[in-house]
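J.:
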Amino acid sequence: MDLQLAAPSLVEIIIAVVLLGLIAVTCVLYANLRRTAGLLKELQGSMTSELAVMSTKVTDANNQQTEAQARSLVISKHLQRVEEKQQELESQVRDLKFQDPSLKLYQRAADLVKKGASIEEIIESCDIPRAEAEMLVMVHKSQK
């Protein structure tokens, strides 16, 4: 058998050119696809690390908020105890005012001094010694 080479026909040449063109386009598209895949992988790595940083920041912010809430709760409980203690002390002071008769007398004497009563009026109304009445008058005059 003899192999004879025949000259390619115009249709065969066109098919060969189109085939070579398709191969070239395929190579270009494949190169673009690989480059795009590389960029996508790089972008994905960047996004992953950025997401990790953001996640850490969110966790830190949540921890800070939790700590602030805990501190706020401790402070509010402390303030509540202080207010309760203050109310208790105010109640005790009120009770003491009513229990100590001499305190009432001296409070009444001080009120009379503020109203401008004389030493004699203070002695008669409050039943306190003259020296104490004079001292109250002097103290209140020096405060004015």
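0 is the number of the first residue of the sequence shown in numbering that gives the first Met the number 0; add one for each residue after it.
Glycine included, C-beta positions come from ideal geometry on N, C-alpha and C.
Keep in mind the model is a prediction, meaning the values are calculated, not measured.
What's the gap between the Cα of L144 and the Cα of L21?
T.: Lying outside 0 to 143, the shown extent of the chain, residue 144 is not represented and no answer is given.
J.: Could you check what DSSP says for D126 in three-state terms: helix, strand or coil?
T.: If DSSP states are grouped into helix, strand and coil, D126 belongs with coil.
J.: State the DSSP-derived secondary structure class of A6, mapped to helix, strand or coil.
T.: Looking at A6 - three-state DSSP - the assignment turns out to be coil, as it is neither helix nor strand.
J.: Quick one: what does DSSP say G20 is sitting in, helix, strand or coil?
T.: Reduced to three states, the DSSP call for G20 is helix.
J.: With distances taken from CA atoms, which of R93, L135, S141, E83 is nearest R107?
T.: Of the listed residues, the one whose Cα sits closest to R107 is L135.
J.: Label V24 either buried or exposed according to how many other C-beta atoms from any shown protein chain fall within 10 Å of its C-beta, with 16 as the threshold for buried.
T.: So V24 counts as exposed.
J.: Is H139 near A109, with beta carbons less than 8 angstroms apart?
T.: Going by C-beta atoms, H139 is nearer than 8 angstroms to A109.
J.: In three-state terms, what does DSSP make of K140?
T.: Here K140 sits in helix by DSSP.
J.: Which of the three DSSP states is assigned to G44 in this structure?
T.: Here G44 sits in helix by DSSP.
J.: With burial defined as no fewer than 16 other Cβ atoms inside 10 Å of the residue's Cβ, what is the status of L42: buried or exposed?
T.: Exposed.
J.: Do L104 and I118 have their C-beta atoms within less than 8 angstroms of each other?
T.: Against a cut-off of 8 angstroms, the Cβ pair of I118 and L104 comes out as no contact.
J.: Any idea if Q26 is buried or exposed, counting beta-carbon neighbours within 10 angstroms, 16 or more meaning buried?
T.: According to the sequence shown, residue 26 is Cys rather than Gln. Exposed is the call here.
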